[in-house]
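With this note's numbering, letter number 1 in the sequence shown gets 632, and the count goes up by one each step, no holes.
Ideal Cβ placement from N, Cα and C applies to all residues, glycine included.
These notes concern the structure reproduced below.
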Amino acid sequence: MYELEIHEEPIAEEDWHELARMLPDRPLEEEDIDILGRRDIDINYDWTPRVGRYADDGILNSDYWKQRKAENTLDLDVDDQPLEARDSLNPEQRIVHDTVMGHFLTQDPSQLLLHVDGGGGTGKSYLINLLSAHLQSATGGRGTPVWRAAPTGVAGNQISGTTLHSLLHLPINKDFKPLSPVDKTQLQKKLKDIKYLIIDEKSMLGLRQLSWIDDRLREAFPNRNEEFFGGLNILLVGDFFQLPPVLQEPLCYDKEVQGVEIKGRNAYRRFDKSVFLKVVQRQRGDDQEAFRTALGELRPVIGMVWSDLVLVWSRPPRLGLV
632 MYELEIHEEP IAEEDWHELA RMLPDRPLEE EDIDILGRRD IDINYDWTPR VGRYADDGIL
692 NSDYWKQRKA ENTLDLDVDD QPLEARDSLN PEQRIVHDTV MGHFLTQDPS QLLLHVDGGG
752 GTGKSYLINL LSAHLQSATG GRGTPVWRAA PTGVAGNQIS GTTLHSLLHL PINKDFKPLS
812 PVDKTQLQKK LKDIKYLIID EKSMLGLRQL SWIDDRLREA FPNRNEEFFG GLNILLVGDF
872 FQLPPVLQEP LCYDKEVQGV EIKGRNAYRR FDKSVFLKVV QRQRGDDQEA FRTALGELRP
932 VIGMVWSDLV LVWSRPPRLG LV
């Protein structure tokens, strides 16, 4: 009997091993029970078929849901900001701010469809919230004229907004269908005083979803259903170098598309104004110049070099910054 000797090739250490060692030792994450029901997976799930199936009689026959709704009312108002706060904006941010405010104060303006592009740390969220505060103040206490939304719950929370799915009853992995009379009335009530829809994280929005948004807003504003988005003014905010949409073509897709995505592309091409935010607000100062350069080269992937990865991964995490 002879035993066969097996000689294994030595395993070469991959580059990602070195990157992994640069990360701090972090404990395993545990799900926080307090956020159950408010995670992206919960918010984006279509619960409609399950309504009433597992309800307890004590819940159905009590004021449970009325109390829950009263305790968790949706408040789109943001904290007031003095008009002088606009002086804190850089030139590109100020163009966006003044364009929208001027549009709001104009009698019978034409529809505003505006792109706001900018990489991470260029102050997009700050601009959204400041602009929302000034639009809110301009109504003279008549409520906010702006609704903020994003493709996911986390992104919506960053701008004190909602998900596009919850606002517009968009389908998830299903075909688009018109709203029931009850749901249509509720949506029209939500949007009654809304003049502007700000959509953040546009990179995660696909052509199919944009087509659905167009259809739903035409449905919500029947008097202007011949216009794109029912005539509502829309700001698309984000960075196309960030997360793409799931299982559909992104808005910036330039190859041939079919079906409903053709409608989405036609709607996307109606956005005829664009402002690009270039000033990185989050990493300032000469000591941050190398890090800013590395981040800029990492965005398009092209031009990414090993030294950039080493610099990015070697920095300690900072609470509250992503």
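{"Item": "Per-residue DSSP class, three states only, for residue 713", "Value": "coil"}
{"Item": "Supposed contact pair residue 720 and residue 734 - C-beta distance, whole angstroms, cut 8 Å", "Value": "With a Cβ gap of about 17 Å, residue 734 and residue 720 do not count as contacting."}
{"Item": "CA-to-CA distance, residue 807 to residue 709, given in whole angstroms", "Value": "32 Å"}
{"Item": "Through-space distance from residue 855 to residue 802, alpha-carbon basis", "Value": "23 Å"}
{"Item": "Pair within 8 Å by beta-carbon distance, residue 829 and residue 777", "Value": "yes"}
{"Item": "In chain order, each alpha helix (DSSP H) run of at least 4 residues that lies wholly inside the segment 767 to 800", "Value": "784 to 789 and 795 to 799"}
{"Item": "Those residues which DSSP pairs with residue 869 across a bridge", "Value": "748"}
{"Item": "Terminal residues of the alpha helix (DSSP H) in which residue 818 lies", "Value": "812 to 821"}
{"Item": "Rounded separation between residue 717 and residue 731 - CA only", "Value": "13 Å"}
{"Item": "Residue 905 and residue 729 closer than 8 Å at C-beta", "Value": "no"}
{"Item": "Exposure label - residue 793; buried when at least 16 CB within 10 Å", "Value": "buried"}
{"Item": "Collapsed DSSP secondary structure at residue 906 in the structure displayed", "Value": "strand"}
{"Item": "Cβ pair residue 908, residue 755 closer than 8 Å", "Value": "yes"}
{"Item": "Residue 899 - containing alpha helix (DSSP H), residue span", "Value": "891 to 899"}
{"Item": "Where residue 787 falls, given that 16 or more other Cβ within 10 Å makes a residue buried", "Value": "buried"}
{"Item": "Neighbourhood of residue 951 by C-beta, 7 Å cutoff - its chain only, sequence neighbours within 5 removed", "Value": "Per-residue confidence for residue 951 stands at a pLDDT of 40, beneath the threshold of 50, marking its modelled position as unreliable; no derived number is given."}
{"Item": "Residue 815 Cβ short of 7 Å to the ligand NAD heavy atom set", "Value": "The ligand NAD is not part of the structure shown, which contains no ligands of any sort."}
{"Item": "8 Å CB neighbourhood of residue 831 in its chain, flanking five on each side removed", "Value": "755, 756, 759, 779, 780, 781, 786, 787, 789, 790, 792, 868 and 869"}
{"Item": "Cβ pair count under 8 Å reaching 3, the segment 842 to 854 against the segment 886 to 900", "Value": "yes"}
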